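J.:
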Amino acid sequence: MKVVILAGGYGTRISEESHLMPKPMIEIGGKPILWHIMNIYSTQGMNEFIIAAGYKAEYIKNYFINFYAINNDISIDLTNGKTKVYDGKQPNWKIHIVDTGLDTQTGGRIKRVYKWLGDDETFMLTYGDGLTDLNIQDLLKFHHSHGKLATVTTVLPPARFGRLSLEDSKVCKFNEKPQMDQGWINGGFFVLNRKVIDFIEGDHSIWERDPLEKISLAGQLMGFRHKGFWSCMDTLKEKNILEDYWNSGKAPWMTW
15 MKVVILAGGY
25 GTRISEESHL
35 MPKPMIEIGG
45 KPILWHIMNI
55 YSTQGMNEFI
65 IAAGYKAEYI
75 KNYFINFYAI
85 NNDISIDLTN
95 GKTKVYDGKQ
105 PNWKIHIVDT
115 GLDTQTGGRI
125 KRVYKWLGDD
135 ETFMLTYGDG
145 LTDLNIQDLL
155 KFHHSHGKLA
165 TVTTVLPPAR
175 FGRLSLEDSK
185 VCKFNEKPQM
195 DQGWINGGFF
205 VLNRKVIDFI
215 EGDHSIWERD
225 PLEKISLAGQ
235 LMGFRHKGFW
245 SCMDTLKEKN
255 ILEDYWNSGK
265 APWMTW
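According to the numbering used here, the sequence shown is numbered sequentially starting from 15.
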């Protein structure tokens, strides 16, 4: 099963670092948060990724093109330009980096990578800035058990995020970021049937608004409640908190 990662936004709320690179390339413990996210999936058996890039996509491409050299010892002979990379333990990942446009919205990015899904009926989707100790296999089993088009992982962080109204796991209402509200929120980490593409109009479509609202109203969106660790990296403060977790040696999302 393929994993789509939305990695093309500007990351304006963490502009202290995102003006230099795309937000998914901001480092936690010396590794891009994108690397951490991919490891969450990889340790649970999912190793093929479609990265929906946009803003400063070249940073993501250069990182993975040079992945072996960056993550291993190398020897460089400047007399003849020859380079030798000493292989270490490397992930068994297959990565497709797709330029989905500079100003394309989240829904539009999903629509643009549709052809990269191949014949897969079901795929995973997440954002390039969230970490969790979620059991991906439990999420997948839940999705297959209800037979609906979409499953969203719901979590319980601060009230500044959008609230989901849940009735027996069915998402009866999807509201993106009301001002003064609390409850279960969209934590990303979706499981989706490819038919959700029919709810996305084009590049201007914001996944968290019109498409998800329509899917919810159609009774096709279910929420998988995750009560464990979850954190996004919207701000420099949140980045520093994640860095502290990593430096403590007890990062909750690190299962590899």
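Just so it is clear, CB atoms sit at the ideal spot from N, CA and C, and this is done for glycine as well. From a predicted model like this one, the values you see are computed outputs, not experimental measurements.
1) Terminal residues of the continuous beta strand (DSSP E) containing Ala-66?
2) Is the segment 210 to 230 touching the segment 93 to 113 in the sense that three or more CB pairs, one from each, lie closer than 8 Å?
3) Considering only the beta carbon of each residue, do Leu-256 and Leu-145 sit closer than 8 Å?
4) What does a CB cutoff of less than 8 Å around Thr-97 pick up in its chain, not counting 5 residues either side in sequence?
5) Count the other CB atoms, across all protein chains shown, that sit within 10 Å of the CB of Arg-177; report buried if there are 16 or more and exposed otherwise.
6) In whole angstroms, what is the alpha-carbon distance linking Asn-261 and Arg-123?
7) Tell me, please, whether the segment 136 to 144 touches the segment 241 to 257 by the rule of three or more beta-carbon pairs shorter than 8 Å.
8) What do you get for Ala-232, buried or exposed, if any count of 16 or more other CB atoms within 10 angstroms of its CB means buried?
9) Helix, strand or coil for Trp-270 per DSSP?
10) Would you identify the three-state DSSP class for Tyr-24, choosing helix, strand or coil?
11) Between Gly-25 and Ala-66, how many whole angstroms is the CB-CB distance? I'm expecting something under 8 Å.
12) Does the contact criterion of 3 or more C-beta pairs under 8 Å hold for the segment 112 to 127 versus the segment 215 to 225?
13) Just mark Gly-68 as buried or exposed, buried being the case when its beta carbon has 16 or more other beta carbons within 10 Å.
14) Could you tell me the distance, in whole angstroms, from the CA atom of His-33 to the CA atom of Ser-159?
15) Taking just the CA atoms, how far does Glu-72 sit from Lys-45?
16) Buried or exposed: where does Asn-254 fall if 16 or more other Cβ atoms within 10 Å of its Cβ makes it buried?
17) Hey, Asp-134 and Met-15: beta-carbon distance below 8 Å or not?
18) Can you give the beta carbon distance from Leu-148 to Leu-206, rounded, assuming they're within the 8 Å contact cut?
19) If we require 3 or more residues per run, which beta strand (DSSP E) segments fall completely within the segment 42 to 119?
20) Suppose the cutoff is 6 Å on Cβ atoms and the five residues either side in sequence are ignored; what does the same chain contact list for Tyr-259 look like?
21) Distance, Cα to Cα, Leu-153 vs Thr-167?
22) Compare the C-alpha of Ile-54 against each of Thr-114, Lys-103, Ile-229, Met-138 and name the closest.
23) Taking its Cβ as the centre, do 16 or more other Cβ atoms sit within 10 Å of Pro-171, making it buried, or is it exposed?
24) How close, in whole Å, do the beta carbons of Pro-36 and Ile-64 come, if the pair is a contact with beta carbons under 8 Å?
25) So if DSSP puts Phe-238 in a beta bridge, which residue, or which two residues, is it bridged to?
T.: Inspection of the coordinates gives the following:
1) As a first step, residue 66 is located in the sequence shown; it is residue number 52 there, counting from the start. Run containing Ala-66: 62 to 67, per the beta strand (DSSP E) assignment.
2) no
3) As a first step, residue 256 is located in the sequence shown; it is residue number 242 there, counting from the start. As a first step, residue 145 is located in the sequence shown; it is residue number 131 there, counting from the start. Their beta carbons are under 8 Å apart, which means Leu-256 touches Leu-145 by this criterion.
4) Position 83 of the sequence shown, counted from the first residue, corresponds to residue 97. So the list reads Ala-83, Ile-88, Ser-89, Ile-90, Asp-91, once near-sequence residues are dropped.
5) By 1-based counting over the sequence shown, the position of residue 177 is 163. Bear in mind that the predicted position of Arg-177 carries a pLDDT of just 49, short of 50, making it too unreliable to give a figure here.
6) Here residue 261 refers to the residue found at position 247 of the sequence shown. Here residue 123 refers to the residue found at position 109 of the sequence shown. One C-alpha to the other measures close to 34 Å.
7) yes
8) Position 218 of the sequence shown holds residue 232. So Ala-232 counts as exposed.
9) If you number the sequence shown from 1, residue 270 lands on position 256. Reduced to three states, the DSSP call for Trp-270 is coil.
10) The count along the sequence shown starts at 1 and reaches residue 24 at position 10. Looking at Tyr-24 - three-state DSSP - the assignment turns out to be coil, as it is neither helix nor strand.
11) Residue 25 sits at position 11 when you count from the first residue of the sequence shown. Residue 66 sits at position 52 when you count from the first residue of the sequence shown. Their Cβ separation, rounded to whole angstroms, is 14 Å, which puts Gly-25 and Ala-66 out of contact at 8 Å.
12) yes
13) What you label residue 68 is simply residue 54 of the sequence shown in a count that begins at 1. Buried: at least 16 other Cβ atoms inside 10 Å.
14) On the sequence shown, position 19 is the one that residue 33 refers to. On the sequence shown, position 145 is the one that residue 159 refers to. Straight-line Cα distance between these residues: approximately 43 Å.
15) For the purposes of this step, residue 45 is taken as the residue at position 31 of the sequence shown. For the purposes of this step, residue 72 is taken as the residue at position 58 of the sequence shown. Straight-line Cα distance between these residues: approximately 17 Å.
16) Residue numbering aside, residue 254 sits at position 240 when the sequence shown is read from its first letter. Exposed, by the Cβ-count rule.
17) For the purposes of this step, residue 134 is taken as residue 120 along the sequence shown, with counting starting at 1. For the purposes of this step, residue 15 is taken as residue 1 along the sequence shown, with counting starting at 1. Closer than 8 Å, so yes.
18) For the purposes of this step, residue 148 is taken as the residue at position 134 of the sequence shown. For the purposes of this step, residue 206 is taken as the residue at position 192 of the sequence shown. Wrong, their Cβ atoms sit about 16 Å apart, outside the cutoff.
19) 62 to 67, 87 to 91, 96 to 100, 108 to 113
20) Position 245 of the sequence shown holds residue 259. Ala-265, listed in sequence order.
21) In the sequence shown, residue 153 corresponds to position 139, counting from 1. In the sequence shown, residue 167 corresponds to position 153, counting from 1. Straight-line Cα distance between these residues: approximately 8 Å.
22) Looking up residue 54 in the sequence shown gives position 40. For the residues Thr-114, Lys-103, Ile-229, Met-138, the minimum Cα distance to Ile-54 belongs to Met-138.
23) Numbered from its first residue, the sequence shown carries residue 171 at position 157. Exposed.
24) Stepping through the sequence shown from its first residue, residue 36 is reached at position 22. Stepping through the sequence shown from its first residue, residue 64 is reached at position 50. About 16 Å separates the two Cβ atoms, so there is no contact after all.
25) As a working mapping, residue 238 is identified with position 224 in the sequence shown. According to DSSP, Phe-238 bridges with Thr-167.
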